[in-house]
Amino acid sequence: MSKIITLQLSPKQAADVELYTSLAARQAGVKRSDVALARVVKRSIDARRAPVKVNLSVELFIDTDEQPAPIHFDYPDVSNSTEVVVVGSGPAGLFASLRLIELGLKPILLERGKEVLPRKQDIALINRNLDIDPDSNYAFGAGGAGTFSDGKLFTRSKKRGDYNKALQTLVFHGATPEILYEAHPHIGTDKLPRIISNICSTITSSGGEIHFSSKVTGFKLNADRSRITGVWVGDKLIEGAAVVLATGHSAKDIYHTLHNDGVRLEAKGFAMGVRIEHPQRLIDSIQYHLPERGEYLPAAAYTLVNQIEGRGVYSFCMCPGGFIVPAMTDAAQSVVNGMSPSGRNSRWANSGLVTEVRVEDFAHLEAEYGALAGLVFQQQLEEAARLNGGDKQIAPAQRVSDFVAGRASSSLPSTSYIPGLCCSRLDKWMPDFMSSALRKGIASFDRKMRGYVTPDAIVVGVESRTSTPVRIPRDADTLMHPEVAGLFPSGEGAGYAGGIVSAALDGERVADAVGRYVIHN
Numbered sequence: 020m021s022k023i024i025t026l027q028l029s030p031k032q033a034a035d036v037e038l039y040t041s042l043a044a045r046q047a048g049v050k051r052s053d054v055a056l057a058r059v060v061k062r063s064i065d066a067r068r069a070p071v072k073v074n075l076s077v078e079l080f081i082d083t084d085e086q087p088a089p090i091h092f093d094y095p096d097v098s099n100s101t102e103v104v105v106v107g108s109g110p111a112g113l114f115a116s117l118r119l120i121e122l123g124l125k126p127i128l129l130e131r132g133k134e135v136l137p138r139k140q141d142i143a144l145i146n147r148n149l150d151i152d153p154d155s156n157y158a159f160g161a162g163g164a165g166t167f168s169d170g171k172l173f174t175r176s177k178k179r180g181d182y183n184k185a186l187q188t189l190v191f192h193g194a195t196p197e198i199l200y201e202a203h204p205h206i207g208t209d210k211l212p213r214i215i216s217n218i219c220s221t222i223t224s225s226g227g228e229i230h231f232s233s234k235v236t237g238f239k240l241n242a243d244r245s246r247i248t249g250v251w252v253g254d255k256l257i258e259g260a261a262v263v264l265a266t267g268h269s270a271k272d273i274y275h276t277l278h279n280d281g282v283r284l285e286a287k288g289f290a291m292g293v294r295i296e297h298p299q300r301l302i303d304s305i306q307y308h309l310p311e312r313g314e315y316l317p318a319a320a321y322t323l324v325n326q327i328e329g330r331g332v333y334s335f336c337m338c339p340g341g342f343i344v345p346a347m348t349d350a351a352q353s354v355v356n357g358m359s360p361s362g363r364n365s366r367w368a369n370s371g372l373v374t375e376v377r378v379e380d381f382a383h384l385e386a387e388y389g390a391l392a393g394l395v396f397q398q399q400l401e402e403a404a405r406l407n408g409g410d411k412q413i414a415p416a417q418r419v420s421d422f423v424a425g426r427a428s429s430s431l432p433s434t435s436y437i438p439g440l441c442c443s444r445l446d447k448w449m450p451d452f453m454s455s456a457l458r459k460g461i462a463s464f465d466r467k468m469r470g471y472v473t474p475d476a477i478v479v480g481v482e483s484r485t486s487t488p489v490r491i492p493r494d495a496d497t498l499m500h501p502e503v504a505g506l507f508p509s510g511e512g513a514g515y516a517g518g519i520v521s522a523a524l525d526g527e528r529v530a531d532a533v534g535r536y537v538i539h540n
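In short: position in the sequence shown from 1, add 19, done, that's our numbering.
What follows is the structure in structure tokens.
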């Protein structure tokens with residue numbers, strides 16, 4: 020029987036396979052020569068105080084132990100099976116499709132954007148300050164917003180589904196095995212596109228269908244709007260036994276279409292703010308208590324949260340060794356996001372820094388826009404950022420020290436944001452509650468991380484797509500819309516997830532619910 024040994028090592032020791040295998044064997048009371056396999060099952064960094072340590076859990080298999088089999092999934096052929104429409108190819112839609120195949124159902128996956136390669140070309144145009152394709156950008160296309168994101172796989176919603184299976188599915192489709200044991204697993208924006216392509220290949224080779232450049236423009240509801248039987252893509256009707264709606268947080272037109280069709284939606288609180296960017300060397304020195312992190316430690320990350328006058332302010336989607344990217348879906352907006360390559364080797368560290376936006380903050384819009392009031396509030400901030408930015412994708416920005424002090428910046432430091440930045444007083448066009456909470460929140464974070472407030476760091480506007488301002492309601496047991504039979508809202512865009520893994524887990528749960536629905540109907 021295998022044994023799991025826990026070691027606390029220096030970063031250099033933790034990088035030496037032979038060394039930690041020998042130490043684990045000695046602690047287990049076996050000879051090093053008898054160890055057939057030493058497999059890391061958990062790794063985390065303890066940087067609470069100097070010197071930094073690495074906690075390593077190693078599973079030892081000796082010659083007589085049965086070694087673990089390689090990760091493998093067998094997907095059945097569903098070419099002639101009952102069809103289910105899946106709208107959106109983000110993590111929720113892709114994992115829902117894979118699970119439907121496992122259940123013997125045929126997914127018909129509809130994606131408004133393009134496949135990976137042409138989508139890459141459209142994103143390159145955005146980065147060069149050229150035109151934005153509203154259906155092919157950082158938010159829309161194969162894999163959804165997750166494809167060209169940081170690829171962080173940490174989730175607090177592990178009880179919602181099989182977290183380990185989700186990670187194993189990603190490894191089966193090309194992710195590195197390290198994501199199975201890292202405390203905060205990360206794939207990297209340079210590796211995600213290939214993984215997404217492999218998942219799409221699994222779906223189609225198993226008999227499912229994927230239709231790119233297929234924007235859903237309407238829903239086929241029965242006369243009393245109590246059941247959905249399909250969706251419209253232009254003048255083409257795509258029908259199925261059920262519809263999984265996994266469109267992501269940026270598909271504003273879908274919310275408007277549902278609202279106009281009389282399908283109940285709910286306004287919900289969300290969060291908005293800025294991207295904050297520091298030199299990575301500064302974050303390393305603060306977090307690791309060292310002037311240089313050296314070759315054995317990864318780019319340092321951080322998580323910050325505080326209550327400012329009763330309103331939460333927190334870091335979100337922190338990207339060590341990463342880049343800020345233009346994430347707008349319309350030329351009238353300025354929206355930014357962050358990502359990191361697998362090596363996390365850029366000169367900058369960036370993070371979303373956001374504050375709560377409550378339903379009462381946009382109550383003044385409710386009389387005119389109803390459940391879509393938060394969506395309009397979000398859009399107004401994105402458009403204000405564009406008006407106060409530069410040409411095309413040039414984003415408004417301010418030195419962090421100036422933002423906290425409430426003064427204008429006359430210049431800006433170098434940045435990872437390729438389209439470019441222009442100086443702007445963010446507090447002059449942001450809602451007062453937001454700019455005040457962010458200013459005070461950043462100042463409080465400087466007390467936790469000395470040096471966080473510095474003229475060498477910048478805030479960039481705006482980080483507005485942390486989650487959707489609208490929830491598509493669903494029954495807690497059936498996971499189906501309470502008033503429209505056959506409609507299964509899923510993932511981040513429906514208001515039930517907040518990242519790659521949580522959306523993937525929600526997609527699987529919804530697929531299971533679809534399976535139960537199809538059996539009884």
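Every residue, glycine too, gets a C-beta built ideally from N, C-alpha and C. On a predicted model such as this, the values are computed, not experimentally measured, just so you know.
- Membership of S420 in the alpha helix (DSSP H) is indicated by the continuous run V419 to A424.
- Residue pairing for G288: DSSP places it in no beta bridge.
- Counting only unbroken stretches of 3 or more residues, the beta strand (DSSP E) elements lying wholly within the segment 409-480 are 414-418 and 440-442, in sequence order.
- Of L119, E402 and V190, the smallest CA-CA separation from R535 is found for L119.
- Residue state for E387 is assigned as helix, using DSSP reduced to three classes.
- Partner residues in the beta bridge of C338, as assigned by DSSP, are N369.
- Under the criterion of beta carbons closer than 8 Å, G267 and E511 qualify as touching, at roughly 6 Å.
- Between the C-alpha atoms of P492 and S41 there is a straight-line separation of about 54 Å.
- Taking C-alpha positions only, G357 is separated from F422 by approximately 20 Å.
- In the DSSP annotation of this structure, R246 is not part of any alpha helix (DSSP H), being labelled neither H nor E.
- In the assembly as shown, V479 is a buried residue. Its beta-carbon has 16 or more other beta-carbons within 10 Å.
- About 6 Å separates the beta carbons of I519 and L172, which is inside the 8 Å limit, making them a contact pair.
- The shortest CA-to-CA distance from S365 to any of G207, D96 and A424 is the one to G207.
- When the alpha-carbon of G112 is set against those of Y157, A265 and L309, the nearest one is in A265.
- Of all alpha-carbon atoms in V263, D141, V77 and G292, the one lying nearest the alpha-carbon of E201 is that of V77.
- Our two residues, L144 and R138, have alpha carbons roughly 10 Å apart in a direct line.
- In this model, A33 and Y39 are separated by some 7 Å (Cα to Cα).
- Taking all protein chains shown into account, M20 has fewer than 16 neighbouring C-beta atoms within 10 Å of its C-beta and is therefore exposed.
- Comparing alpha carbon positions, the residue from G292, A350 and A368 closest to G331 is G292.
- Here the segment 342-349 makes contact with the segment 151-160; the two share three or more CB pairs at distances below 8 Å.
- Residues L124, K125, A260 and V537 of the same chain have their beta carbon placed closer than 7 Å to that of T101, with the five preceding and five following residues left out of the count.
- Bounds of the beta strand (DSSP E) holding V77 are K72 to I81.
- Our two residues, N241 and R131, have alpha carbons roughly 24 Å apart in a direct line.
- By the Cβ criterion, the segment 461-473 is not in contact with the segment 490-509, since fewer than three pairs of Cβ atoms, one from each stretch, lie closer than 8 Å.
- Sequence-distant partners of W448 (beyond 5 residues in either direction) whose C-beta falls short of 7 Å from its own C-beta, in its chain, are A403 and N407.
- In this structure I437 is in contact with N146, their Cβ atoms being roughly 5 Å apart against a cut-off of 8 Å.
- Counting only residues of its own chain and dropping the five nearest sequence neighbours on each side, K22 has a CB closer than 6 Å to the CB of A47 and L79.
- DSSP places V293 within a strand segment (E or B) once states are collapsed to three.
- In this model, D494 and K210 are separated by some 36 Å (Cα to Cα).
- A distance below 7 Å between beta-carbons, with the five flanking residues on each side excluded, links R283 to the following residues of its chain, in chain order: P492 and E502.
- Around the CB of R45, fewer than 16 other CB atoms lie within 10 Å, so the residue is classed as exposed.
- Within its own chain, the residues whose Cβ lies closer than 7 Å to the Cβ of F381, once the five positions on either side in sequence are excluded, are A392, G393 and F396, listed in chain order.
- Looking at the DSSP output, I24 sits in a beta bridge with V77.
- Taking the CA atoms as reference points, D531 sits about 13 Å from V262.
- For S63, the enclosing beta strand (DSSP E) starts and ends at V54 to D65.
- As DSSP reads the structure, Y333 sits in a beta bridge with V324 and V373.
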